[in-house]
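Protein sequences appear in the order of chains A and B. Residue numbers for the first sequence follow this note's numbering, so the first one is 14 and each next one is one higher. Residue numbers for the second sequence follow this note's numbering, so the first one is 14 and each next one is one higher. Glycine residues also receive a C-beta, built at the ideal position from the N, C-alpha and C atoms. Keep in mind that this is a model prediction, so the values were computed, not measured. Contents: one structure, followed by commentary.
There are 2 protein chains.
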Amino acid sequence: MPRKPSKPSQARSEETKARILQKAREIFAERGFSGAIIRDIAAEAGATHSMVIYHFGSKEQLWREAVRDMFRVLDEEVVVMLEEEAELPLVERFRRVTRRYVRYCAKHPEHARITISETIRGGERLAWMIDEFVTKNHEGVLPMLAQLMDEGHLPRMPVPAMLYAYVGMTQMPFLLAAESRLATGYDPMDDAAIDAYAESVLGLTLRP
Amino acid sequence: MPRKPSKPSQARSEETKARILQKAREIFAERGFSGAIIRDIAAEAGATHSMVIYHFGSKEQLWREAVRDMFRVLDEEVVVMLEEEAELPLVERFRRVTRRYVRYCAKHPEHARITISETIRGGERLAWMIDEFVTKNHEGVLPMLAQLMDEGHLPRMPVPAMLYAYVGMTQMPFLLAAESRLATGYDPMDDAAIDAYAESVLGLTLRP
DNA sequence: AATATAATCAACCAATTGGTTGGTTTTTGG
DNA sequence: CCAAAAACCAACCAATTGGTTGATTATATT
Numbered sequence: 014m015p016r017k018p019s020k021p022s023q024a025r026s027e028e029t030k031a032r033i034l035q036k037a038r039e040i041f042a043e044r045g046f047s048g049a050i051i052r053d054i055a056a057e058a059g060a061t062h063s064m065v066i067y068h069f070g071s072k073e074q075l076w077r078e079a080v081r082d083m084f085r086v087l088d089e090e091v092v093v094m095l096e097e098e099a100e101l102p103l104v105e106r107f108r109r110v111t112r113r114y115v116r117y118c119a120k121h122p123e124h125a126r127i128t129i130s131e132t133i134r135g136g137e138r139l140a141w142m143i144d145e146f147v148t149k150n151h152e153g154v155l156p157m158l159a160q161l162m163d164e165g166h167l168p169r170m171p172v173p174a175m176l177y178a179y180v181g182m183t184q185m186p187f188l189l190a191a192e193s194r195l196a197t198g199y200d201p202m203d204d205a206a207i208d209a210y211a212e213s214v215l216g217l218t219l220r221p
Numbered sequence: 014m015p016r017k018p019s020k021p022s023q024a025r026s027e028e029t030k031a032r033i034l035q036k037a038r039e040i041f042a043e044r045g046f047s048g049a050i051i052r053d054i055a056a057e058a059g060a061t062h063s064m065v066i067y068h069f070g071s072k073e074q075l076w077r078e079a080v081r082d083m084f085r086v087l088d089e090e091v092v093v094m095l096e097e098e099a100e101l102p103l104v105e106r107f108r109r110v111t112r113r114y115v116r117y118c119a120k121h122p123e124h125a126r127i128t129i130s131e132t133i134r135g136g137e138r139l140a141w142m143i144d145e146f147v148t149k150n151h152e153g154v155l156p157m158l159a160q161l162m163d164e165g166h167l168p169r170m171p172v173p174a175m176l177y178a179y180v181g182m183t184q185m186p187f188l189l190a191a192e193s194r195l196a197t198g199y200d201p202m203d204d205a206a207i208d209a210y211a212e213s214v215l216g217l218t219l220r221p
């Protein structure tokens, strides 16, 4: 185990850490945990691989920090606004959160990439991620879906099934963007396509 | 490069190859290409890692054979029946193929796992996979979706968007089954849940 | 049965990679 | 300005891993 910086860090350090963290998120997303190589992350961030270990302790820790950062951004860009929207009618809140969520998925496809590759893998990292972030998010979304279903705005099915259908249709075009471009010529990452897709998701789910 | 078996193989060899191939598919799905370790695949198949190289030439080749095998099964379990169903009304064909596809995704979650992890990664393996299999499948599905949309049975949107929404909602519950069980207690792999989910997908997509 | 060929294995090799160590530079605080 | 601490780097280490080699066992053909 490397020594941890115990005293408050210098500004220089913070910058390096931030650079490493961002590249780490990209590379973990693209190559998965085992495929991501510390030296590559370091090189792209303009650092050495021993700096990564110095700042984060281990590959595992680095991954955790990257994931934490990712869920923080999700919160910022999608979830927090829900509080100010508490007064709006439920269907309208759903429309807004869906539009934000679609944009988030397009802007940060790493999110789905990381969660999926970890869920496939199973194991401790997944358990940690669920405990730390996923459960909390579910607590926000599941009741909303349940109520929408009760009111007849969503087709009737088990609420978790609805959730995964919703998440699946929202994320998949951006997750498979490379395939879409190569195989159909359609680019789901295009700005106009993203906004149009949010409406398509609403069209598939909501029953007016 | 190892020598290739040039003469027709013995029965013993075929069995070993088949065992290796099946475990390879599982392990490639679970850990991704770089995370899958030849020695592990070999051990699980009751062989040595040099046997894997002997029979398949390289890790890359092994992966290709595993993927080929996977798309062969998809064809068998989902696609071929479409020919006998040519006479049925389009909506009915869509219902049937959807039910088969949902069952396939539940039974072989490796499929989505492998295609997604490769699409995320990009590169030559993805290009090969698309060229060899995906394009051909799209040629079957896209016109079907387009016509259903024309006839008002599906909400209007770009056809590729509809395809990825459809694929996404179909695959995601099984892709994230581990998360679903851990975070919500709902097991999408349960037999009754699978059949119910096929109807849910139809409920989300089809407009009667 | 003898011989050739295919199938298998154990030992080995070189490259990769996560992590360690010890020393050098930079920053901070007195 | 100077000493202590933090940031950083180059060299190193040990484990892992894809692939090779050479010998050994099983099978098929004559």
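Whole-angstrom Cβ separation of residue i and residue j, contact assumed at under 8 Å?
i, j, result
"A/A196", "B/V147", "5 Å"
"A/H62", "A/R52", "4 Å"
"A/R108", "A/E98", "The pair is not a contact, with the Cβ atoms about 10 Å apart (cut-off 8 Å)."
"B/V92", "B/G153", "7 Å"
"A/R126", "A/A58", "Not really, about 19 Å apart at Cβ, beyond 8 Å."
"B/H124", "B/M157", "Rounded, the Cβ-Cβ distance is 20 Å, inconsistent with contact."
"A/Q160", "A/C118", "Between A/C118 and A/Q160 the Cβ distance is about 23 Å, and since that is not below 8 Å, they are no contact."
"A/A79", "A/A31", "With a Cβ gap of about 11 Å, A/A79 and A/A31 do not count as contacting."
"B/L34", "A/T132", "That belief does not hold up - the Cβ atoms of B/L34 and A/T132 are roughly 25 Å apart, past 8 Å."
Could you have a look at residue i and say whether DSSP puts it in helix, strand or coil?
i, result
"B/V214", "helix"
"A/G181", "helix"
"A/M170", "coil"
"A/A49", "coil"
"B/G70", "coil"
"A/D163", "helix"
"B/V80", "helix"
"A/L219", "coil"
"A/P102", "coil"
"B/T61", "coil"
"A/H121", "coil"
"A/D88", "helix"
"B/L176", "helix"
"A/G153", "helix"
"B/M142", "helix"
"B/E27", "helix"
"B/M202", "coil"
"A/L189", "coil"
"A/V93", "coil"
So with CB distances below 7 Å, who are the chain B contacts of residue i?
i, result
"A/I207", "The premise fails here: A/I207 is roughly 10 Å from chain B at the closest Cβ pair, so nothing lies under 7 Å."
"A/Q184", "G181"
"A/H151", "A196 and T197"
Check the Cβ of residue i against every Cβ in chain B and list those closer than 9 Å, keeping chain order.
i, result
"A/P156", "Near A/P156 there are no residues of chain B at all, since even the closest Cβ is about 12 Å away, more than 9 Å."
Would residue i and residue j qualify as a contact pair, given that the criterion is a beta-carbon distance under 8 Å?
i, j, result
"B/Y67", "A/S193", "no"
"A/A60", "A/T29", "yes"
"B/P168", "A/G216", "yes"
"A/Y210", "A/P173", "no"
"A/T128", "A/Y179", "no"
"B/R116", "B/M94", "no"
"B/L130", "A/S130", "One point to set straight first is that residue 130 of chain B is Ser, not Leu, in the sequence displayed. Yes. Within cutoff."
"B/V65", "B/A56", "no"
"A/F69", "A/R138", "no"
"B/G181", "A/M182", "yes"
"B/R134", "A/R44", "yes"
"B/M162", "B/M142", "no"
Please compile the residues from chain A whose C-beta is within a distance smaller than 7 Å of the C-beta of residue i.
i, result
"B/P171", "Y199"
"B/I54", "Here the premise fails: no neighbours, minimum Cβ distance about 15 Å."
"B/Y210", "A174"
"B/R44", "S47 and R134"
"B/I143", "E192, L195 and A196"
Using a cut-off of 9 Å between C-beta atoms, extract the partners of residue i located in chain A.
i, result
"B/V147", "E192, L195 and A196"
"B/S213", "P168, R169, M170, P171, A174, M175 and A178"
"B/A140", "L195"
"B/G216", "P168, R169 and M170"
"B/L188", "I129, T132, I133, Y177 and G181"
Residues of chain A with CB under 8 Å from residue i, in chain order?
i, result
"B/H124", "By Cβ distance, chain A contributes nothing, its closest Cβ being about 12 Å from B/H124, past 8 Å."
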